[in-house]
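There are 2 protein chains.
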Amino acid sequence: MDQFVSTFTNKIDTKGRVSVPASFRTVLAKDGLEGIYCYPSLDAPALDAGGQRLVDKINGLVEDLAPYSDERDHLATALFGTSEILSIDQDGRIIVPERLREHAGITTHITFVGLGEKFQLWEPKRFETHLAEARQKVRDLRKLLGAGRRGSGGPEGARE
Amino acid sequence: MDQFVSTFTNKIDTKGRVSVPASFRTVLAKDGLEGIYCYPSLDAPALDAGGQRLVDKINGLVEDLAPYSDERDHLATALFGTSEILSIDQDGRIIVPERLREHAGITTHITFVGLGEKFQLWEPKRFETHLAEARQKVRDLRKLLGAGRRGSGGPEGARE
DNA sequence: CGTCCTCCCATTGACGCCCATAAATTCCCA
DNA sequence: TGGGAATTTATGGGCGTCAATGGGAGGACG
Numbered sequence: 000m001d002q003f004v005s006t007f008t009n010k011i012d013t014k015g016r017v018s019v020p021a022s023f024r025t026v027l028a029k030d031g032l033e034g035i036y037c038y039p040s041l042d043a044p045a046l047d048a049g050g051q052r053l054v055d056k057i058n059g060l061v062e063d064l065a066p067y068s069d070e071r072d073h074l075a076t077a078l079f080g081t082s083e084i085l086s087i088d089q090d091g092r093i094i095v096p097e098r099l100r101e102h103a104g105i106t107t108h109i110t111f112v113g114l115g116e117k118f119q120l121w122e123p124k125r126f127e128t129h130l131a132e133a134r135q136k137v138r139d140l141r142k143l144l145g146a147g148r149r150g151s152g153g154p155e156g157a158r159e
Numbered sequence: 000m001d002q003f004v005s006t007f008t009n010k011i012d013t014k015g016r017v018s019v020p021a022s023f024r025t026v027l028a029k030d031g032l033e034g035i036y037c038y039p040s041l042d043a044p045a046l047d048a049g050g051q052r053l054v055d056k057i058n059g060l061v062e063d064l065a066p067y068s069d070e071r072d073h074l075a076t077a078l079f080g081t082s083e084i085l086s087i088d089q090d091g092r093i094i095v096p097e098r099l100r101e102h103a104g105i106t107t108h109i110t111f112v113g114l115g116e117k118f119q120l121w122e123p124k125r126f127e128t129h130l131a132e133a134r135q136k137v138r139d140l141r142k143l144l145g146a147g148r149r150g151s152g153g154p155e156g157a158r159e
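Chains as they are written, first to last, in numbering that gives the first Met the number 0: chain A, 0 to 159; chain B, 0 to 159.
In structure tokens:
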């Protein structure tokens, strides 16, 4: 498996450490960054995270812009400037800096959410409501799509 | 990691010294310049800084312009003329000359902002507002990128 | 002779490395 | 196939090292 899947909720200990789900660590190990690249999501109260693949993608975005252009500096500021490389200790734990926790409203527990090539870190309660909204949106969307295809199937394919 | 990432705010002591973030020192050490190349940003109240890689890049920019052209002289003046090589002492600290601090409005604290291949020095308060603007610009920019690039693998990193 | 700068040392707090425990899971073997 | 052992995972805590910061001693230069 080379993708981040499923969700896990782990506890932050008194030192601020959290275990990274084992399956996520396996994926990270394969793409050669000893650490987790992590930054605040631009439009959600959550943190985006990933490994070397994610870094490469961001590099690609920035390098496509002209050197010394405003655009490039802004993009680099918003992405690199707000990012952290979270090192994974030998027990598979990371420390999420205060600045990042604050953006996501994280206090005692963190929910790790696999999104395929990257994953997100959420405050558990917030993720619950976010998930509910996302599912509702999918249902609405499918109604529109489905209206043209078939009469009325139950909510089947797009679930979970 | 061979890139400048994340932001750090450090204090200037009574002798005018500031610690360079350890992770930035690591990156600098790898690219072989004894010190930090530093000059006022062209379009922001901040200082641009980096190592040998940045110097090479700037050389490349200047050399691309016609010799003895006005453009070339202006660019060379604006960049080289206002630059300084800041030496790093054995405790990892630099002294930022008055002229440079003035351009950035720096007084007691300096915020180091990683931008990948280079980094910037900001007055902390100013950087806060600058970051907010940058994030907004990126959100707008992403809409454009996302709309146009859908098929090619997509700007995943900047989404969400 | 005083100012500025370089080198060196001290302190404090954060972080990394190590070990311990408990629960859950996998594996093995009768 | 059932049960027990070994492994893995999540979590807790001790301790040494390093980074950030402050301050002093010595030297160069006006």
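Even for Gly, the Cβ is constructed at its ideal location relative to N, Cα and C.
Note down the Cα distance separating A/Val4 from A/Pro44, rounded to an integer number of angstroms.
-> 20 angstroms
Within the same chain, show all residues whose beta-carbon is closer than 6 angstroms to that of A/His102, passing over the 5 residues directly before and after it, in chain order.
-> Pro39
Kindly list the residues whose CB is nearer than 8 angstroms to the CB of A/Arg125, restricted to its own chain and excluding five residues on each side of it in sequence; keep chain order.
-> Pro44, Ala45, Ala103, Gly104
Extent of the continuous beta strand (DSSP E) to which B/Phe23 belongs = No beta strand (DSSP E) holds B/Phe23; the alpha helix (DSSP H) holding it covers 21 to 29.
Sort out for me which residues DSSP pairs A/Phe111 with in a bridge.
-> A/Phe7, A/Leu120
Can you round the beta-carbon distance between A/Ile35 and A/Ala48 to whole angstroms, since I take them to be within the 8 angstroms contact cut?
-> 5 angstroms
B/Gly113 versus chain A: which residues are under 7 angstroms apart at the beta carbon?
-> Phe79, Gly80
Per-residue burial, B/Pro129 [other beta carbons within 10 Å of its own, 16 or more giving buried] = According to the sequence as given, residue 129 of chain B is His; it is not Pro. Its Cβ being crowded by 16 or more others within 10 Å, B/His129 is buried.
Quick one: does the C-beta of A/Arg71 sit closer than 7 angstroms to a heavy atom of the ligand ADP?
-> In terms of ligand content, the structure shown is empty, and the ligand ADP therefore cannot be addressed.
Return yes when the Cβ of A/Gly91 is within less than 8 angstroms of the Cβ of A/Ser18, no when it is not.
-> yes
Rounded to the nearest angstrom, how far is the Cβ of B/Leu74 from that of B/Val61, given a contact under 8 angstroms?
-> 6 angstroms
Does the Cβ-Cβ distance between A/Thr110 and A/Pro123 come in under 8 angstroms?
-> yes
Just list the alpha helix (DSSP H) runs in the segment 30 to 108 of chain A, keeping only unbroken ones of 4 residues or longer that don't cross its boundaries, in chain order.
-> 51 to 62, 69 to 75, 97 to 103
Using a Cβ-Cβ cut-off of less than 9 angstroms, give me the residues of the segment 101 to 133 of chain B that come near chain A, in sequence order.
-> Val112, Gly113, Leu114, Gly115, Glu116, Lys117, Phe118, Gln119, Phe126, His129, Leu130, Glu132, Ala133
Is there a Cβ from chain B that is less than 8 angstroms from the Cβ of A/Gly156?
-> Its pLDDT being 42, under 50, A/Gly156 is placed unreliably by the model, and nothing is read from it.
Compare the C-alpha of B/Arg85 against each of B/Arg141, B/Arg24, B/Met0, B/Gln2 and name the closest.
-> Going by the sequence as given, residue 85 of chain B is Leu instead of Arg. It is B/Arg24.
Please classify A/Gly15: does DSSP put it in a helix, a strand, or coil?
-> coil
Pull out every residue of the segment 81 to 100 of chain A whose Cβ sits closer than 8 angstroms to any Cβ of chain B, in chain order.
-> Thr81, Ser82, Glu83, Ile84
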